[in-house]
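Below: the structure, in structure tokens.
Protein chains: 2
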Amino acid sequence: MAKAPPILARVFRGPRVESAHRGMVAVADARGTLLGGCGDPDAAVYTRSTAKPFQTMPLLEAGGEKAFRLGDDEIALMCASHGGEPRHVRTAGSILRKGGFTAADLACGAHAPMHEASARELARRGDSPTALHNNCSGKHAGMLLACRLLDLPAASYAEPGHPLQRRIRATLARYAGVPESDLAVAVDGCSLPVFRLPLSALAAAYARLLSARLPGEERPAAAARARIVRAMTQSPFMVAGSGRFTTDFIAAGRGRWIGKEGAEGVYAVGLAPSSAGKAVGIAFKIEDGSARPRDAVTLDILSRLGRLPQETRRAFAAYAEPRVTNARGLEVGRIEAEVPISARAPRKAKR
Amino acid sequence: MAKAPPILARVFRGPRVESAHRGMVAVADARGTLLGGCGDPDAAVYTRSTAKPFQTMPLLEAGGEKAFRLGDDEIALMCASHGGEPRHVRTAGSILRKGGFTAADLACGAHAPMHEASARELARRGDSPTALHNNCSGKHAGMLLACRLLDLPAASYAEPGHPLQRRIRATLARYAGVPESDLAVAVDGCSLPVFRLPLSALAAAYARLLSARLPGEERPAAAARARIVRAMTQSPFMVAGSGRFTTDFIAAGRGRWIGKEGAEGVYAVGLAPSSAGKAVGIAFKIEDGSARPRDAVTLDILSRLGRLPQETRRAFAAYAEPRVTNARGLEVGRIEAEVPISARAPRKAKR
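Protein chains in written order, with numbering that gives the first Met the number 0: chain B, 0 to 350; chain D, 0 to 350.
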């Protein structure tokens with residue numbers, strides 16, 4: 000039996016620990032060198048929504064930005080796990096219209112908006128959620144545009160064997176530095192193929208996403224990923240939404256980083272090359288799949304890597320050490336992240 | 000650092016594990032003998048709502064059933080983490096009225112009904128949830144009756160130093176076989192004191208709750224706990240609600256067992272004495288606090304103890320091996336409980 004991953008965060012009730020979240024962390028550079036981590040940094044994980052920037056690349060590589068006059072909001076929404084707020088829903092609709100599609104063409108299924116006030120407002124009006132409210136609607140709408148642009152069948156775009164999905168898989172494999180045949184595929188929450196790869200490879204993929212240039216990379220690919228990063232940093236609201244860590248975190252970075260959550264406790268961060276150094280990617284997985292400790296764990300890792308400016312740490316206190324409150328709003332506990340990452344003797348990340 | 004508890008359940012996506020839930024389990028008899036378990040069965044845990052039957056005892060010990068003409072539904076609701084469905088809300092109101100109280104006297108705070116359709120219906124009508132919808136409203140209403148009956152101040156009933164809360168703490172300590180001074184106290188989700196004790200002591204408390212007779216126990220206490228168990232088994236809907244494992248599980252037991260969930264992944268089961276043997280208590284805690292694997296873990300433990308009838312196991316397939324479905328309702332994975340409990344050389348449970 001594999002060794003248990005270490006505790007990354009503890010949930011206190013009063014002065015005592017009530018629950019704990021374990022997980023594994025990988026920190027890597029664009030060469031695929033593992034710079035640090037804890038637990039098994041090569042553990043196989045499903046990328047879930049951390050793959051979205053790579054799933055959006057084929058559309059932009061093929062010239063989708065010009066062809067459909069896409070702006071920051073639209074490109075950012077394609078990379079989003081959005082809250083289903085009215086602006087998200089309108090933007091998803093606008094992407095669809097540019098390809099002559101409607102919500103009925105989306106294969107993602109409907110779920111209530113993740114943004115609670117928007118969900119309540121929908122319920123108050125007696126309306127049912129549609130596929131546009133699905134947190135993945137932007138990604139799906141972008142894939143439909145890619146089908147239009149590349150003259151691929153749109154009805155079957157979500158099938159694992161569809162040429163667009165094969166192209167996406169090849170893109171992710173390339174940036175993760177993993178042979179395509181090693182990427183196991185399952186079905187995601189939104190019915191698209193979801194990929195499984197070593198956590199260290201996901202970290203390396205985010206380092207590459209943020210890198211200035213990559214050896215052997217073709218120009219359209221380099222332009223596509225730079226455009227995606229720019230859209231996410233210019234339009235962080237579209238990447239998640241109101242009151243969401245990812246949105247506030249990207250906004251606070253002002254171009255220095257991006258962050259992206261995935262279901263089941265996955266998170267990935269890409270740090271842009273600093274004046275002194277190179278791009279760095281971070282990926283972690285909460286073993287139990289909980290999103291609860293994710294924000295605090297992200298900030299603790301950045302802090303330990305010396306990449307979290309003091310003013311951001313202060314402004315993000317509510318994310319870094321979340322209070323546990325009860326039904327009357329009384330503070331009854333807190334969440335404390337303490338991630339035992341260690342710098343490692345650099346070695347190649349697992350392929 | 001304490002050894003990591005073992006994995007109790009795995010969450011699969013396709014054929015591969017995506018997430019895992021660890022935890023500790025204790026199985027004990029009414030003498031406090033530990034019969035089996037895994038992880039650290041003496042780990043200190045907050046009981047959360049598994050304490051509710053014991054929190055209700057003082058009211059019944061003092062003659063509350065007769066004084067307020069309480070029926071199964073009302074007593075069961077006092078031991079409930081209910082869904083806030085209309086029947087629950089009405090019953091909570093009826094308990095309150097019997098003592099001349101209203102919802103304004105409840106200290107539990109308001110939250111949206113746990114039962115989703117009831118929450119949606121409330122939102123559709125534009126109504127806000129009240130303290131009656133709080134899953135703990137029955138317990139709180141019962142405490143107000145106890146104050147009325149015992150002539151204690153009602154306004155401060157939720158304070159840890161209140162005479163009723165001190166009586167409750169003594170009751171739980173007695174049934175758990177733990178010195179009262181060892182019961183650490185914090186604040187629960189509903190603002191009441193919540194108690195911390197060894198998991199093995201919680202298991203023993205549930206064995207005692209279901210026992211025929213206990214040495215040295217006074218008659219009113221014995222009658223009170225028998226009445227509580229009868230109410231829970233006669234009125235399982237009130238203990239949880241529609242589509243809830245605890246309700247269906249208690250109903251399927253037809254008097255042979257009770258089960259009660261607590262927040263943060265706690266669960267306790269009391270097995271009535273079988274023709275062959277004695278009462279048994281089971282308690283477990285999911286380390287990460289998740290409720291997700293709880294039903295499957297409960298059934299797996301009972302099955303391994305040889306206490307789950309084949310027909311119940313078959314009827315409970317959806318609880319025993321829950322399917323993971325996505326936004327389109329496609330089955331994309333499953334949860335598999337595999338609890339490595341071992342029978343142990345019997346020893347005294349930790350005091």
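All residues carry an ideal CB built from backbone N, CA and C; glycine is no exception. Quick caveat: nothing in here was measured; it's all calculated off a predicted structure.
Supposed close pair residue i, residue j - CB separation, criterion 8 Å
i: D:GLY31; j: D:ALA203; result: 5 Å
i: D:ALA79; j: D:VAL338; result: Rounded, the Cβ-Cβ distance is 26 Å, inconsistent with contact.
i: B:GLY38; j: B:GLY62; result: In fact, because the Cβ distance is near 41 Å, the residues do not count as touching under 8 Å.
i: B:ASN325; j: D:SER190; result: 6 Å
i: B:LYS284; j: B:VAL10; result: That belief does not hold up - the Cβ atoms of B:LYS284 and B:VAL10 are roughly 18 Å apart, past 8 Å.
Minimum Cβ-Cβ distance from residue i to chain D less than 8 Å
i: B:CYS37; result: no
i: B:HIS81; result: no
i: B:GLU337; result: no
i: B:VAL177; result: no
i: B:GLY13; result: yes
i: B:ALA119; result: According to the sequence shown, residue 119 of chain B is Arg rather than Ala. Yes, contact with chain D.
i: B:VAL331; result: yes
i: B:VAL186; result: yes
i: B:SER190; result: yes
i: B:ARG166; result: no
i: B:SER93; result: no
i: B:GLY108; result: yes
i: B:ARG327; result: yes
i: B:ALA19; result: yes
i: B:SER25; result: Sequence inspection shows Ala at residue 25 of chain B; the Ser mentioned does not correspond to that position. No, because no Cβ of chain D sits closer than 8 Å to the Cβ of B:ALA25.
i: B:ARG195; result: yes
i: B:GLU286; result: yes
Endpoints, the beta strand (DSSP E) within which residue i is located
i: B:TYR156; result: Premise fails: B:TYR156 is in no beta strand (DSSP E) and is neither H nor E.
i: D:TRP245; result: Here residue 245 of chain D turns out to be Thr, not Trp, going by the sequence shown. That residue, D:THR245, is in no beta strand (DSSP E); its alpha helix (DSSP H) goes 244-252.
i: B:SER18; result: 15-28
i: B:ALA336; result: 330-336
i: B:ALA8; result: 6-12
i: D:PRO192; result: 192-197
i: D:ARG322; result: 322-324
i: B:ALA183; result: 183-186
Alpha-carbon to alpha-carbon, residue j and residue i
i: D:ARG327; j: B:ASP187; result: 10 Å
i: B:LEU298; j: B:ARG312; result: 8 Å
i: D:ARG243; j: B:TRP256; result: 43 Å
i: D:MET56; j: D:ALA220; result: 7 Å
i: B:GLY252; j: D:ALA251; result: 55 Å
i: B:PHE67; j: D:CYS107; result: 54 Å
i: D:GLU263; j: D:THR46; result: 9 Å
i: D:GLY92; j: D:GLY82; result: 15 Å
i: B:ALA8; j: B:GLY332; result: 13 Å
i: D:ALA271; j: D:ARG229; result: 11 Å
i: D:GLY176; j: D:ARG212; result: 15 Å
i: B:VAL184; j: B:GLN164; result: 11 Å
i: D:LEU95; j: B:ARG123; result: 30 Å
i: B:ARG350; j: B:ALA282; result: Bear in mind that the predicted position of B:ARG350 carries a pLDDT of just 49, short of 50, making it unreliable; the figure below should be weighed with that in mind. Each residue's Cα considered, the two are about 15 Å apart.
i: B:GLY160; j: B:GLU179; result: 14 Å
i: D:LYS277; j: D:LEU198; result: 20 Å
i: B:LEU351; j: B:LEU307; result: This structure cannot settle anything about residue 351 of chain B, because the visible part of chain B is limited to 0 through 350.
i: B:ALA140; j: B:HIS132; result: 12 Å
Residue i at chain B interface by Cβ criterion, 8 Å
i: D:VAL10; result: yes
i: D:SER289; result: yes
i: D:ILE340; result: no
i: D:TYR45; result: yes
i: D:ARG147; result: no
i: D:CYS78; result: no
i: D:ALA122; result: yes
i: D:ARG322; result: no
i: D:SER274; result: no
i: D:ASP41; result: no
Residue interval of the alpha helix (DSSP H) (run including residue i)
i: B:LEU121; result: 115-123
i: D:GLU310; result: 309-314
i: D:HIS110; result: Segment: none, D:HIS110 is in no alpha helix (DSSP H) and carries neither H nor E.
i: B:ILE351; result: The structure shown does not extend to residue 351 of chain B, since chain B spans only 0 to 350, so no value can be given for it.
i: D:LEU149; result: 136-149
Closer than 7 Å: residue i CB and nearest the ligand ZN heavy atom
i: D:ALA79; result: The ligand ZN is absent from the structure shown, which contains no ligands of any kind.
Fill in: Length-filtered (3 minimum) beta strand (DSSP E) runs lying within the segment 262-286 of chain B
The qualifying runs are 265-270, 279-285.
Practice prompt. Quick one: which unbroken alpha helix (DSSP H) runs of 4-plus residues sit fully inside the segment 204-236 of chain B? Chain order, please.
Written response: 218-233
Worksheet item: Counting only runs that start and end within the segment 36-93 of chain B, where is the beta strand (DSSP E) found for 3 or more residues in a row?
Response: 43-45, all fully within the segment 36-93 of chain B.
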